Each structure stands twice: as structure tokens, then as C-alpha cells.
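Novice: Residue numbers (the working numbering): 3 to 377.
We treat Cβ as the ideally placed atom computed from N, Cα and C, and that holds for glycine.
Bear in mind that the values here come from a model prediction, so they are computed numbers and not experimental data.
Sharing a structure here in C-alpha cells format.
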């Protein structure tokens with residue numbers, strides 16, 4: 003059986019591609035006399051999750067301004083996330099080493115496009131510099147840094163960001179009376195990528211295995227990574243309960259742990275960590291029936307692909323605004339710990355030294371969440 007959604011090449015609900023008005027703010031929102039932009043530039047330089055969280059905004063722009071050209075500016079390393087997105091007319095890439103000379107050259111090229119509207123969804127030193135050198139109407143969003151900082155340090159839930167990040171991005175469009183439509187994140191695969199992934203499954207002997215469970219074992223910071231031994235225990239438990247097979251996914255930093263995990267779960271596992279690029283990883287995720295992930299970029303990628311998803315949160319919390327909102331997602335976390343969150347992006351080590359926020363998430367608890375996600 004092929005997991006649902008693979009043939010479509012994009013994880014999107016057709017309800018959200020209709021010309022409904024879910025993206026219009028309530029009556030009275032926006033300036034009715036504001037001229038509609040003909041050429042729009044969206045800027046978000048990084049990272050995987052943050053960029054994917056801008057895709058609902060791209061969808062709303064395509065519905066609200068159907069005749070407009072929408073361009074996107076990001077770092078070259080993250081451009082693959084958007085390369086096949088039909089809502090983008092031109093994808094601009096800031097090249098390594100992402101310095102002043104690269105930014106100056108890019109600004110010269112961008113000026114030639116004569117943008118009517120520029121949406122700064124990063125609010126960094128780079129975008130501030132571009133604002134000085136790129137004419138046009140600039141709009142941005144509220145990062146909520148003060149509120150987030152108070153929440154992290156005082157641990158009071160009432161201080162947590164009031165809205166998810168994807169909704170805050172729409173602050174940049176409030177002058178036009180537009181809001182988040184509540185639909186899914188979007189990621190577009192192409193047929194060649196799907197065929198490549200199918201061949202990889204045949205090569206590794208997992209093409210006919212069911213269910214296929216994606217294990218996204220990495221994360222940018224140590225306090226966001228569930229222990230490798232817990233992933234191994236989860237694999238053994240799911241193997242006994244379901245006869246599951248496993249696609250182990252991650253980047254170069256995860257290669258060693260992924261290799262050990264593969265040997266632990268052989269012959270029902272294959273590690274692709276460190277040997278696939280972003281688009282290949284997405285194609286493999288699309289062939290999973292369910293994905294178990296840390297709070298990471300691959301969590302958002304699985305969500306954008308419409309996958310059944312079990313997301314494990316440790317040093318970060320869903321209240322920070324980056325948790326998946328899809329009905330397909332189940333969040334597993336150890337609630338009630340007074341030290342959570344220890345950071346809004348994670349840390350290199352547990353500040354308390356015990357790491358109970360992750361060690362205390364039992365493999366069987368995660369396994370039960372996987373079972374509840376499958377039909």
C-alpha cells in the first residue's frame with residue numbers, strides 16, 4: 003500500500019485551494035482604498051521550519067492577488083524547499099558565505115524588479131540593510147521577542163506567545179485585511195523525486211513493508227533530541243506490535259547514531275541520514291505511513307507533506323508557536339516540568355544536567371501515539 007498523498011505531489015487540502023474567503027479578515031479589516039500590489043517579494047532567509055511556515059501566506063497571496071507576481075528571497079541552502087512551489091514566480095537565493103558583497107549584488111538585481119510590496123518575515127540585520135537599499139512598500143510582523151523571553155525565563159504560560167508563528171507572519175498583510183486561512187503547510191514534490199524514492203525503497207528491501215515509520219532522529223540542538231536509545235526501544239516495540247519497518251532520516255550530524263540505530267533494527271531498517279539532500283529526504287518522508295520526529299525542520303517537512311506525525315518536544319514547548327497544527331499530528335511531551343522551556347530554540351546541553359524532559363518521555367508512550375495515528 004502506498005501512503006495517501008504521494009501521487010498528488012503536494013500535501014494540500016483542496017478546500018484551501020478554492021476561492022473561499024477564509025483568508026479575509028473580519029469586516030472592517032484592512033484599507034479598502036489600498037492599491038493591490040502587482041509584484042511582491044517575500045523574504046525569509048532560514049530555516050527549514052520557519053520557511054515552511056510561510057507557505058500558508060504564499061497561498062493566501064495567490065488567492066488575494068491572483069494577477070500578482072510573487073517572488074521569494076532565501077538563503078541558497080534552503081532554496082530547495084521552495085523550488086517547485088508554483089505560487090512563486092522567481093526564487094532569489096543569497097549565496098554563501100552570505101556576506102556583504104553577496105547582499106550588495108543581490109540588492110542590485112532586486113531593484114530591477116521594482117517591487118510594489120516587500121514582506122520582511124525575518125527581521126534581521128540583513129533585511130534591515132535591504133530595507134535601506136530596496137525601494138517599495140515594506141511590511142513586517144511582530145516577533146514578540148519580549149513576551150517570548152519572559153515566558154522562557156519565568157516559565158509562566160500566560161506569557162507564552164499568544165499566536166503561532168505562522169499566524170504572526172500575517173501581521174505583514176493586515177493593511178490588506180488578510181489573515182491565515184488555517185489550511186496546511188505546503189511542499190511540492192515532482193515525479194522524478196517520487197520515482198527516486200520508490201527505487202530507494204526497492205533497493206533497501208522496504209518497498210513492500212508496512213507500515214513504514216520515518217524516524218527523524220536529529221535536531222539543531224541537543225535538548226531537542228530524544229535519546230538514541232529511546233528511538234531503538236521504540237523501534238523494537240513497534241516491530242513486535244506491528245511488524246513495522248523504518249526509514250532513518252537526518253543530516254550529516256546524525257550519520258553515526260543513525261548507523262547504530264539501523265544495525266539495531268536490521269533487517270527492517272535503512273539509514274539515509276547524511277546521504278540525502280533536502281528534496282530527497284522529503285521524497286522519502288512522503289513514502290512513510292507515519293513519522294516520529296523531534297522538534298526539528300523535518301517535523302515541519304513531514305507536516306507539510308500531510309504525513310501522520312508524532313512530534314516529541316523536550317527543551318522547547320508547543321506554546322512557543324512552532325508546533326504542528328495539523329489534525330495528523332500528535333504531540334508527546336513531559337508536562338509539568340518547572341524548567342521547561344529552557345530556551346526557545348534549544349540548547350547544546352541540559353542546564354539542569356538531568357535532561358528529564360526528553361529522557362522522561364517513554365518509548366511506549368511514543369509507540370502508543372504511533373498506533374493511534376495509524377488506521
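Please return the same chain residues whose Cβ sits closer than 6 Å to the Cβ of residue 210, not counting the five positions on each side in sequence.
Specialist: Excluding positions up to five away in sequence, the list is empty.
Novice: Can you check which of these residues, 40, 57, 103, is closest to residue 187 by C-alpha distance?
Specialist: Cα-wise, what sits closest to residue 187 is 57.
Novice: Could you compute how far the alpha carbon of residue 374 sits from the alpha carbon of residue 117?
Specialist: Rounded to the nearest angstrom, the two C-alpha atoms are 48 Å apart.
Novice: Helix, strand or coil for residue 357 per DSSP?
Specialist: The answer is coil: DSSP assigns residue 357 none of H, G, I, E or B.
Novice: Considering only the beta carbon of each residue, do residue 150 and residue 322 sit closer than 8 Å?
Specialist: Yes, they are a contact pair.
Novice: Hey, is the segment 287-298 in contact with the segment 211-223, meaning 3+ C-beta pairs nearer than 8 Å?
Specialist: A contact exists between the segment 287-298 and the segment 211-223.
Novice: Taking DSSP as the reference, what is the three-state secondary structure of residue 37?
Specialist: Coil at residue 37, not helix or strand.
Novice: What is the residue span of the alpha helix (DSSP H) that residue 74 lies within?
Specialist: Looking at the DSSP string, residue 74 is not in any alpha helix (DSSP H); the run it does join, the beta strand (DSSP E), is 71-77.
Novice: In this structure, how does DSSP classify residue 204 when only helix, strand and coil are distinguished?
Specialist: Helix, per DSSP.
Novice: Mapping DSSP to helix, strand and coil, what is residue 248?
Specialist: Of the three classes helix, strand and coil, the one that applies to residue 248 here is strand, per DSSP.
Novice: Just to confirm, is the Cβ distance from residue 92 to residue 122 under 8 Å?
Specialist: No, the Cβ-Cβ distance between residue 92 and residue 122 is not below 8 Å.
Novice: Between the alpha carbons of residue 36 and residue 63, how many angstroms are there, rounded?
Specialist: Computed Cα separation, rounded: 15 Å.
Novice: Taking 8 Å as the cut-off, decide whether the C-beta atoms of residue 358 and residue 336 are in contact.
Specialist: Yes, they are a contact pair.
Novice: Going by the DSSP bridge assignment, what does residue 273 pair with across the sheet?
Specialist: According to DSSP, which records beta bridges pairwise, residue 273 is partnered with 250.
Novice: Hey, residue 177 and residue 69: beta-carbon distance below 8 Å or not?
Specialist: No.
Novice: Between the Cα of residue 90 and the Cα atoms of 353, 283, 61, which residue gives the shortest distance?
Specialist: Nearest of 353, 283, 61 to residue 90, Cα basis: 61.
Novice: Return the CA-CA distance between residue 344 and residue 205, expressed in angstroms with no decimal places.
Specialist: For residue 344 and residue 205, the distance between alpha carbons rounds to 42 Å.
Novice: So, is residue 174 buried or exposed, given that buried needs 16 or more other C-beta atoms within 10 angstroms?
Specialist: Label assigned to residue 174: buried.
Novice: Quick one: is residue 242 buried, meaning 16 or more other Cβ sit within 10 Å of its Cβ, or exposed?
Specialist: When all chains shown are included, residue 242 counts as exposed.
Novice: Report the start-end ranges of each beta strand (DSSP E) in the segment 74-150 that is 3 residues or longer and not cut off at the edges.
Specialist: Taking only runs of at least 3 residues, the beta strand (DSSP E) segments lying wholly in the segment 74-150 are 92-96, 119-122, 139-141.
Novice: Across the segment 246-264 and the segment 328-342, are there enough close Cβ pairs to call them in contact, namely three or more that are closer than 8 Å?
Specialist: With the cut-off at 8 Å, the segment 246-264 and the segment 328-342 do not touch.
Novice: Hey, could you find the ends of the beta strand (DSSP E) residue 335 is sitting in?
Specialist: It spans 331-335 - the beta strand (DSSP E) in which residue 335 sits, taken as one unbroken run.
Novice: Whose C-alpha, out of 126, 111, 159, 246, is nearest the C-alpha of residue 376?
Specialist: Of the listed residues, the one whose Cα sits closest to residue 376 is 246.
Novice: On the criterion of 16 or more Cβ atoms from any shown chain inside 10 Å, does residue 13 qualify as buried, or is it exposed?
Specialist: Its pLDDT being 43, under 50, residue 13 is placed unreliably in this model, and the value from its coordinates should be taken loosely. The residue in question, residue 13, is buried, as its Cβ has 16 or more Cβ neighbours within 10 Å.
Novice: Please list, in chain order, all residues of the same chain as residue 371 whose beta carbon is under 7 Å from its beta carbon, the five residues on each side excluded.
Specialist: Contacts found: 312, 332, 334.
Novice: Sort out for me which residues DSSP pairs residue 288 with in a bridge.
Specialist: Bridge partners of residue 288: none, in fact.
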